[in-house]
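Notes for the one structure printed next.
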Amino acid sequence: MAATGETQPAKHQEVGHKSLLQSDALYQYILETSVYPREPQPMKELREVTAKHPWNLMTTSADEGQFLNLLLKLINAKNTMEIGVYTGYSLLSTALALPEDGKILALDINQLNKALAADPRVEICQLPVGDGITLCRRIN
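With the working numbering, letter number 8 in the sequence shown gets 170, and the count goes up by one each step, no holes.
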């Protein structure tokens, strides 16, 4: 496009954006009027830090995090497992949806931010690199 003088359409500003919406302007409007105002401060701060990470495309977007939170509340989830934590955005979204007696088992191959485990509902395990199905079978 640039070779012909045409400009490329604007990209979504949300890191990790994977939307079915065809309009970047509509998606940005939804974020600014509906998603960001409902985002808890710790999640906003984590999203902003993650946006600066070199692998930021792996993150859960703010709208996906809120949708995940809603689904967990609708099914009255009490126990969850997160395989692959990255910076913990979806883990935090999950933790905020669970009741006080809920539990999250978070599994990752990398050393994780121990601050994510400050909530007693979160148990973080560091796994060796390997086949996910085999590793899950070893969990008691």
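Here a beta-carbon is modelled for each residue, glycine too, at the ideal position from N, C-alpha and C.
{"Asked": "C-alpha distance - Lys206 paired with Lys235, whole-angstrom precision", "Found": "20 Å"}
{"Asked": "Helix, strand or coil at Ala268 [DSSP, three-state]", "Found": "strand"}
{"Asked": "Pair within 9 Å by beta-carbon distance, Gly246 and Asp263", "Found": "no"}
{"Asked": "Per DSSP, the bridge partner or partners of Glu244", "Found": "Ala268"}
{"Asked": "C-alpha gap between Leu183 and Gly250, whole angstroms", "Found": "25 Å"}
{"Asked": "Status (buried if at least 16 other CB within 10 Å, exposed otherwise) for Asn238", "Found": "exposed"}
{"Asked": "For Arg299, three-class secondary structure by DSSP", "Found": "helix"}
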